[in-house]
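Working notes for the structure below.
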Amino acid sequence: MSRPLSAREIDQARGNNRIGTRLVAETGNMKIWHLRLAPGETLAAHRHDRPYFWTVLTDGKARSRHGDGRIEDVTYANGQTQHFPDLTPDNAFVHDLTNTGDAELVFVTIEFDC
């Protein structure tokens with residue numbers, strides 16, 4: 000089983016707003032990210048502090064270690080979407096994401112500035 004995020008990882012994540020592997024577009028009020036993780040690859044711990052949604056483009060499995068100590072295993076289905084409409088700097092969260100499946104995991108994430 001994975002260990003929880005360390006205090007150092009959480010502290011570094013607070014300054015990491017890189018929520019994908021590639022920023023593909025940016026306007027005055029939104030950013031569009033692509034996230035591609037090969038099997039076993041991890042997106043470093045990062046902070047979500049503004050509204051966003053993601054859509055996964057592949058079936059797959061992943062593990063997230065959260066800043067509050069939780070470790071969450073998730074199975075994703077192609078087309079699955081999740082929206083976080085109420086995030087602010089006051090209720091932000093930190094997590095990382097590791098592809099625990101056998102195939103590449105691909106997401107598109109839209110982040111909104113408010």
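Its first residue numbered 0, the sequence shown is counted upward by one per residue in numbering that gives the first Met the number 0. Just so you know, even glycine gets a beta-carbon here, dropped at the ideal spot from N, CA and C.
- T20: which of D85, L34, I109 sits nearest, CA to CA? L34
Checklist line | Reference L96, options G39, G27, D10, closest by Cα | finding: G39
Self-check item: Cβ-Cβ distance between D112 and R49 below 8 Å
Solution: yes
Exposure of T74, with buried meaning 16 or more beta-carbon neighbours within 10 Å | exposed
message: Taking the alpha-carbon of N98 as reference, which of A91, F106, F92 has the nearest alpha-carbon?
response: F106
Alpha carbon to alpha carbon, what distance is there between L4 and G68? 7 Å
Counting pairs of beta carbons, one from the segment 52 to 66 and one from the segment 77 to 93, are three or more of them closer than 8 Å?
-> yes
Let's see if you can read the secondary structure: which residues bound the beta strand (DSSP E) around Q11?
Q11 -> not in any beta strand (DSSP E); alpha helix (DSSP H) instead, spanning 6 to 12.
Query - Local conformation of L96 per DSSP, three classes - result: strand
When every heavy atom of the ligand SAM is checked, does at least one fall within less than 7 Å of the C-beta of T80? This structure lacks the ligand SAM; in fact it carries no ligand of any kind.
Report task. Quick one: which unbroken beta strand (DSSP E) runs of 3-plus residues sit fully inside the segment 70 to 95? Chain order, please. Result -> 70 to 75, 80 to 83
| Expected contact under 8 Å - CB spacing of N15 and H47 to nearest Å | Actually they are not in contact, since the Cβ atoms of N15 and H47 sit about 10 Å apart, beyond 8 Å.
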